[in-house]
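Everything below concerns the one structure shown next.
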Amino acid sequence: MSRKQSRVASGLSPIQRKACIVLAACVLAVVISFVLAWILPQSLNLFGANDSYDPDLYPVDTSLEAVLKDASADDSYITSSLFVGDRTALALQKDGRITLDQYAGKEDLKISNFLKESCVAFEDDANTYTIPQAIAKMKARRVYVMIGSNDVDGSVTVDEFMNDYKQALQNIKNSYSYCDLIACAIQPVVKDSENAAQTQTLIDQFNQAIAEACNEIGYKYLNLSEVLKDSKGYAEASYVDTSAGTLNAAGANAVLEYVKSHAYQTDDTRPDTDDIPKRAAQAASGSSASPTPSATPTKFTANYAVEDSAKGTLTGNGKTGVTSLEIQAESGAQVSVTAVPAEGYTFYKWSDGVTDATRYDVVKKDISVTAMFNDARVELTLDRGDSTIKKGESISITATVKLGGKSYDNSNVQWSVNDELEQNGGTFTFTPSEAGSYVVRAGIEINGTFSSAQITVTVQSDPTAISISGTSTITAGGSTTLNANVQNKQGDVTWRCDETSWQATGDQVTFTANQEGTYHIRASNNGAEAVFELKVSAAPTPVPTPTASPAPSSDSTKQEG
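Residue numbers (the UniProt record's numbering): 1 to 561.
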């Protein structure tokens, strides 16, 4: 055979090595993609199955008087009701579930535009009207307010939303005082919608606040969440058109049935129901027919004032810092006025019961109201400063409250110790059971202003006492065992001797004295000290052992003889 005959190489060629590296990189990329797409999101609870929504976090108190309970009504109840608001109300009117004459609103309406948006039109009328203005023209028997579905994107806080919401309710009532007013829960979102947990949590907050506001200012609340939510707290999927995020036919029918089963029946106090215009999808355009001459617009006077110029001013009608405003307005016109409290004061309410500083009035008659303010100069002081007491002792602290420099009732002062609420009252007696440092705080809220004061109470532990036992006399070179008897011991007992450099630690020690004399041995613990006196006598001098003299020998005796 030829020596040039080829043979199989034991290693890989450079091209094969590069191919293996590329293949390994591809496999690694697939693995990383899998981890990022599936394993990591699941571990971080990013999938809907592991969302963080808690349906019990912001519950509506169904025991509130405002929340409508079971009360049946027939179809005529729906016919005599008006549904106003955003896409939820529109869903009821869609496909004729309610008529156009039972609806007023706009699909994308937000609460901030409720009083501003002219979105309601009538037949043979070139004008459009805001919802409150339209309600007055329609002479509604009862009004169901369905607004908020477009406000749950996180762009407004609960407080901001509720400020506008209460203004909307009040303006509806001001525009047509004969109607019954029912605020409805904002419809829930389906579980697989974008940011479902976050959005539904915000909806629950809004609904809780709406129910509480209705209870506070005297309107009714329809808890639609009861019929529209599933067992997980999200929208019942079969009730929602997911492509539009609105109620479908089944959802709309469920709402109307719930309205009938939770009816609010009252006496009809409307003075007349004549001349109610027919609704139109849009305002009428110009007509070739001869126009009917318009009647001279009716004008009314709206008077606004403050109860005391030292407490606040008014802003409105292009003016600021004034104590009174007189506005001439045509019937149906909307005016807004804001009560501005002076420093040290807070707005209380308007004389007609409106509790928001900024009011929007649809003028249908003469108005005369006064803005009222409360003193917010709250001062709370305590009759004691930082104090030190012993464990088991008590300390009584009294709070003095002043409002506007004058004495004020202190019975509602709240007391806490280390941020734990203890009691209400003018005086608080603190009896600690353990040594340590305690912050005793008193606080009170008056007219929306909170004032507080605090002291630090240092509680000392029981005093430490020491006694020493042991043998008090020894001889030089001897030792004695000493015992420290300690009450309320803190840490180790330390020992030292005044006359030597000896030191020791512990409850029992041994002391050795090499020289005679008096020794003062001290035991210390937690600032307490005891002294033990040890007397050391000289060691006895050893007695020498006598040595016997040698006996005389016989030879010596003989010689001496």
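All C-beta atoms, glycine included, are put in the ideal place defined by N, C-alpha and C. Source: prediction; values computed, not measured.
Thinking C-beta only, is residue 187 closer than 7 Å to residue 222?
Within the sequence shown, numbered from 1, the residue matching residue 222 stands at position 222. Within the sequence shown, numbered from 1, the residue matching residue 187 stands at position 187. No, they are not a contact pair.
At which residues does the beta strand (DSSP E) containing residue 428 begin and terminate?
The count along the sequence shown starts at 1 and reaches residue 428 at position 428. Note, residue 428: beta strand (DSSP E), 427-430.
C-alpha distance - residue 116 paired with residue 110, whole-angstrom precision
Mapped onto the sequence shown, residue 116 falls at position 116. Mapped onto the sequence shown, residue 110 falls at position 110. Going from the Cα of residue 116 to the Cα of residue 110 covers about 10 Å.
Once the 5 residues before and after residue 208 are set aside, which same chain residues still bring their CB inside 6 Å of it?
Position 208 of the sequence shown, counted from the first residue, corresponds to residue 208. Excluding positions up to five away in sequence, the list reads 58, 60.
Should residue 146 be listed as close to the ligand ADP, given that the test is whether its C-beta is under 6 Å from any heavy atom?
The ligand ADP is absent from the structure shown, which contains no ligands of any kind.
Taking the beta carbon of residue 70 as the centre, do at least 16 other beta carbons fall within 10 Å, making it buried, or is it exposed?
Here residue 70 is taken as the residue at index 70 of the sequence shown, counted from 1. By the 10 Å Cβ count, residue 70 comes out exposed.
Tell me where the beta strand (DSSP E) around residue 508 begins and ends.
As a working mapping, residue 508 is identified with position 508 in the sequence shown. Start and end: 508-512.
Check residue 330 in the structure and name its three-state DSSP category.
In the sequence shown, residue 330 corresponds to position 330, counting from 1. Residue 330: strand per DSSP, three-state reduction.
Counting only runs that start and end within the stretch 385-445, where is the beta strand (DSSP E) found for 3 or more residues in a row?
387-390, 395-403, 406-408, 414-417, 420-424, 427-430
Cutting at 7 Å between CB atoms, please list the residues of its own chain near residue 184, excluding the five before and the five after it.
Here residue 184 refers to the residue found at position 184 when the sequence shown is read from its first residue. Once the five neighbours on either side are set aside, the close Cβ partners of residue 184 are 144, 145, 146, 222, 224.
Can you check which of these residues, 161, 308, 243, is closest to residue 206 by C-alpha distance?
Against the sequence shown, residue 206 aligns to sequence position 206. Checking every option, the nearest Cα to that of residue 206 belongs to 161.
Looking only at its own chain, which residues have a Cβ that is under 6 Å from the Cβ of residue 518, when we skip the five neighbours before and after it?
Numbered from 1 along the sequence shown, position 518 holds the residue referred to as residue 518. Same-chain partners within the cutoff: 535.
The beta strand (DSSP E) enclosing residue 81, as first and last residue numbers:
In the sequence shown, the residue the question calls residue 81 occupies position 81. Residues 81-85.
Which same chain residues end up closer than 8 Å to residue 120 when comparing Cβ atoms and leaving out the 5 residues on each side of it in sequence?
Along the sequence shown, one-based indexing puts residue 120 at 120. So the qualifying residues of the chain are 104, 105, 128, 129, 130, 131, 133, 134, 279.
Taking the alpha carbon of residue 153 as the point to measure from, which residue in 173, 194, 369 has its own alpha carbon closest?
On the sequence shown, residue 153 is found 153 positions in, with the first residue counted as 1. The candidate whose alpha carbon is nearest that of residue 153 is 194.
Which residues in the same chain have their Cβ closer than 7 Å to the Cβ of residue 200, if we skip the five residues on either side of it in sequence?
Stepping through the sequence shown from its first residue, residue 200 is reached at position 200. Contacts found: 53, 188, 189, 233, 234.
Contact under 7 Å by Cβ, residue 368 with residue 418
For the purposes of this step, residue 368 is identified with residue 368 of the sequence shown, where counting begins at 1. For the purposes of this step, residue 418 is identified with residue 418 of the sequence shown, where counting begins at 1. Their beta carbons are not under 7 Å apart, which means residue 368 does not touch residue 418 by this criterion.
Please state whether DSSP places residue 159 in a helix, a strand or coil.
Numbered from its first residue, the sequence shown carries residue 159 at position 159. Residue state, collapsed to three classes: helix.
In the structure shown, what three-state DSSP assignment does residue 230 receive?
Taking the first residue of the sequence shown as 1, we reach residue 230 at position 230. Residue 230 falls in the coil class under three-state DSSP.
Just to confirm, is the Cβ distance from residue 250 to residue 239 under 7 Å?
For the purposes of this step, residue 250 is identified with residue 250 of the sequence shown, where counting begins at 1. For the purposes of this step, residue 239 is identified with residue 239 of the sequence shown, where counting begins at 1. Contact flag set, yes.
What do you get for residue 633, buried or exposed, if any count of 16 or more other CB atoms within 10 angstroms of its CB means buried?
This structure does not reach residue 633, given that the chain is present from 1 up to 561, and the question cannot be answered.
7 Å Cβ cutoff met for residue 446 and residue 530:
To locate residue 446, count along the sequence shown from 1; it is residue 446. To locate residue 530, count along the sequence shown from 1; it is residue 530. No, the Cβ-Cβ distance between residue 446 and residue 530 is not below 7 Å.
Any idea what DSSP makes of residue 26, helix, strand or coil?
Position 26 of the sequence shown, counted from the start, is the residue given in the question as residue 26. If DSSP states are grouped into helix, strand and coil, residue 26 belongs with the helices.
Could you give the DSSP three-state label for residue 239: helix, strand or coil?
Here residue 239 is taken as the residue at index 239 of the sequence shown, counted from 1. Three-state result, residue 239: helix.
Look up residue 522 in the DSSP assignment and give the residues it is bridged to.
Position 522 of the sequence shown, counting from 1, holds the residue named residue 522. Answer is 496, 531, bridged to residue 522.
Exposed or buried, residue 272, counting other C-beta atoms within 10 Å across all chains shown (16 or more means buried)?
Indexing the sequence shown from 1 puts residue 272 at position 272. Classification for residue 272: exposed.
Give me the Cα-Cα distance between residue 349 and residue 358, rounded to the nearest whole angstrom.
Your numbering for residue 349 matches position 349 in the sequence shown. Your numbering for residue 358 matches position 358 in the sequence shown. Answer to the nearest angstrom: the Cα atoms are 10 Å apart.
Check whether residue 277 and residue 312 have beta carbons under 7 Å apart:
Residue numbering aside, residue 277 sits at position 277 when the sequence shown is read from its first letter. Residue numbering aside, residue 312 sits at position 312 when the sequence shown is read from its first letter. Not in contact: residue 277 and residue 312 (Cβ atoms no closer than 7 Å).
In or out: residue 204 buried (at least 16 other Cβ within 10 Å) or exposed?
Start at 1 with the first residue of the sequence shown, and residue 204 comes out as number 204. With 16 or more Cβ atoms within 10 Å of its Cβ, residue 204 is classed as buried.
Looking at C-alpha atoms only, which residue of 353, 397, 444 is the closest neighbour of residue 173?
Counting from one through the sequence shown, the residue named residue 173 turns up at place 173. The residue with the shortest Cα to Cα distance from residue 173 is 353.
Those residues which DSSP pairs with residue 368 across a bridge:
Mapped onto the sequence shown, residue 368 falls at position 368. Paired residues: 303.
What do you reckon, are the CB atoms on residue 394 and residue 431 nearer than 7 Å?
The count along the sequence shown starts at 1 and reaches residue 394 at position 394. The count along the sequence shown starts at 1 and reaches residue 431 at position 431. In contact: residue 394 and residue 431 (Cβ atoms closer than 7 Å).
Per DSSP, cross-strand counterpart(s) of residue 374:
Start at 1 with the first residue of the sequence shown, and residue 374 comes out as number 374. Per DSSP, 346.
Residue range of the alpha helix (DSSP H) that residue 133 falls in?
On the sequence shown, residue 133 is found 133 positions in, with the first residue counted as 1. Where residue 133 is concerned, the enclosing alpha helix (DSSP H) stretches over 131-138.
Local Cβ density within 10 Å of residue 480, reported as buried at 16 or more and exposed below that
Residue numbering aside, residue 480 sits at position 480 when the sequence shown is read from its first letter. That one is buried.
With 16 other CB atoms within 10 Å as the buried threshold, where does residue 568 fall?
Nothing about residue 568 can be reported from this structure: the residues present for the chain run from 1 to 561 only.
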